[in-house]
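Read in order, the letters of the sequence shown correspond to residues 1 to 154 in this note's numbering. Glycine included, each C-beta is placed from N, C-alpha and C at the ideal position. Reading through the structure tokens given below for one structure.
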Amino acid sequence: MRKTKQEEVAKELTQDTFIKLWKYRQQMDATIGLDQQIFQKARQIYIDWLRKEASYRRHVETPENIPAEISSAAFNDRHELRDAIHSALNSLPAKRKQIFELKHVHGYSYKEISRLLGISTKTVDSQLLKALSHLRKTLSNSHFIIIYILFFTA
Numbered sequence: 001m002r003k004t005k006q007e008e009v010a011k012e013l014t015q016d017t018f019i020k021l022w023k024y025r026q027q028m029d030a031t032i033g034l035d036q037q038i039f040q041k042a043r044q045i046y047i048d049w050l051r052k053e054a055s056y057r058r059h060v061e062t063p064e065n066i067p068a069e070i071s072s073a074a075f076n077d078r079h080e081l082r083d084a085i086h087s088a089l090n091s092l093p094a095k096r097k098q099i100f101e102l103k104h105v106h107g108y109s110y111k112e113i114s115r116l117l118g119i120s121t122k123t124v125d126s127q128l129l130k131a132l133s134h135l136r137k138t139l140s141n142s143h144f145i146i147i148y149i150l151f152f153t154a
């Protein structure tokens with residue numbers, strides 16, 4: 001928690017560390033101590049989390065990174081564009097927004113999301129489809145294209 005400043009994130013990263021260690025236990029190096037392997041895996045997972053957070057902030061919180069040629073004529077002001085994107089994402093139901101962010105911001109797989117939230121992969125799939133449909137309806141075509149570029153072409 002000292003590094004993340006968020007208790008829930010710290011718990012999640014700790015859980016991810018032990019899940020990864022368990023998942024790849026057959027490939028662990030017996031010559032390296034367990035405590036060192038735990039530390040190394042935790043460090044890798046923390047660095048991955050930092051990268052994903054930086055990417056999220058770069059794409060969602062600072063639309064200045066959006067090239068001018070793809071910005072809509074209706075939304076020349078980047079602040080309006082940012083507000084439209086935030087509004088569209090925030091108008092999603094809480095669980096659907098969480099699933100969307102886990103998949104497209106944090107890079108979780110369908111299986112990881114289903115395990116984390118205790119739901120089926122079919123539910124994850126249907127919630128993501130509903131989220132995309134909602135974003136398509138909420139944003140104009142040009143804005144949805146920007147969302148698509150930001151979240152799905154990394």
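Which of helix, strand or coil does DSSP assign to residue i?
i, result
"Asp-35", "helix"
"Asp-16", "helix"
"Arg-91", "Checking the sequence, you will find Ser at residue 91 rather than Arg. In the structure shown, Ser-91 sits in coil (DSSP, three-state: anything other than H, G, I, E or B)."
"His-106", "coil"
"Ala-10", "helix"
"Ala-84", "helix"
"Tyr-24", "coil"
"Ala-54", "helix"
At which residues does the alpha helix (DSSP H) containing residue i begin and terminate?
i, result
"Leu-135", "121 to 138"
Output the distance between the C-alpha atoms of residue i and residue j, rounded to the nearest integer angstrom.
i, j, result
"Pro-156", "Thr-31", "Nothing about residue 156 can be reported from this structure: the residues present for the chain run from 1 to 154 only."
"Ile-19", "His-104", "21 Å"
"His-106", "Leu-139", "22 Å"
"Ile-99", "Ile-119", "11 Å"
"Lys-111", "Lys-122", "10 Å"
"Ala-42", "Leu-132", "33 Å"
"Ile-25", "Ser-126", "This sequence places Arg at residue 25; Ile is not what is there. Each residue's Cα considered, the two are about 33 Å apart."
"Thr-14", "His-86", "29 Å"
"Met-28", "Gln-44", "15 Å"
"Leu-128", "Ala-54", "23 Å"
Our contact map puts residue i next to residue j with C-beta atoms below 8 Å; I'd like the distance itself, whole angstroms only.
i, j, result
"Ala-84", "Leu-135", "So it is not a contact: roughly 11 Å between Cβ atoms."
"Ile-38", "Leu-21", "7 Å"
Is any non-hydrogen atom of the ligand ATP found closer than 7 Å to the C-beta of residue i, if you look at the structure I gave you?
i, result
"Asp-48", "In the structure on display, the ligand ATP does not appear, and there are no ligands present to speak of."
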